[in-house]
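Residues in the sequence shown are numbered consecutively from 850, following our numbering.
Following: one structure in structure tokens, then a few remarks.
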Amino acid sequence: MSADTADTALSVILEREHHEIDAGIEQFLTALGDGTVNPEPLTSALEALRRHIYLEEVLLFPPLRVGGLMMPIMVMIREHGEMWHLMEALDAGLADAATPDELGQTCRQLMELLERHNSKEEPVIYPHADADMPPQADTKVRKFLDGGTTPDGWVCQQAAVG
């Protein structure tokens, strides 16, 4: 485990991931506004977002559900499903050479959803990650943050929900 991961509050690390994901999508949108379709920042951001959702749904949320967080976590999981559908639409749009307007519109929808989602998750869920995570679960999250990857074919809990 890196010193940064071991010595930094989970909330700080997870919020940093939020900012990095947002920055990748914003970089794609900026280039798109200049007339350039450069998929790399977007595909990197989407990969990071899928990894982040995996971390939350598989490692972070389960030990926090036992407290009074069941309902807020259910909201987060539902919103992950909405994000997943938008990410799939962006993947398809990039593969099928969607118009810049179509890609931009879907990216903006994803950014709006991320903003709403993160504005709830950061103040409601993440403080409990710092204060209430059992030590063994905390260690698993930190090890994953240090280089874990999303298993091939994994989809979030709500991905199959329309």
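A virtual CB, placed ideally from N, CA and C, is assigned to each residue, including glycine.
Is the stretch 902 to 918 touching the stretch 876 to 886, taking contact as three or more C-beta pairs under 8 angstroms?
Segments in contact, no.
Near Gly953, what residues of its chain come up, given a Cβ to Cβ distance below 8 angstroms and the 5 sequence neighbours on each side ignored?
In the sequence shown, residue 953 corresponds to position 104, counting from 1. Excluding residues within five positions, the ones whose Cβ falls inside 8 angstroms are Leu878, Leu881 and Gly882.
Fully enclosed by the stretch 863 to 928, which alpha helix (DSSP H) runs are 4 residues long or longer?
You should have 888 to 903 and 910 to 913.
Give the range of the alpha helix (DSSP H) segment to which Gln1006 is assigned.
Sequence index remark: in the sequence shown, residue 1006 carries index 157 (1-based). Here Gln1006 belongs to no alpha helix (DSSP H), and DSSP marks it neither H nor E.
Look at the Cβ atom of Ile922, then the Cβ atom of Leu913, and state whether they are nearer than 8 angstroms.
By one-based count along the sequence shown, residue 922 stands at place 73. By one-based count along the sequence shown, residue 913 stands at place 64. In contact: Ile922 and Leu913 (Cβ atoms closer than 8 angstroms).
Where does Gly953 fall in DSSP's three states?
Locating residue 953 in the sequence shown gives position 104, counting from the first residue. Helix.
May I ask you to report which of helix, strand or coil DSSP gives Asp945?
What you label residue 945 is simply residue 96 of the sequence shown in a count that begins at 1. In this structure, Asp945 counts as coil in the three-state DSSP scheme.
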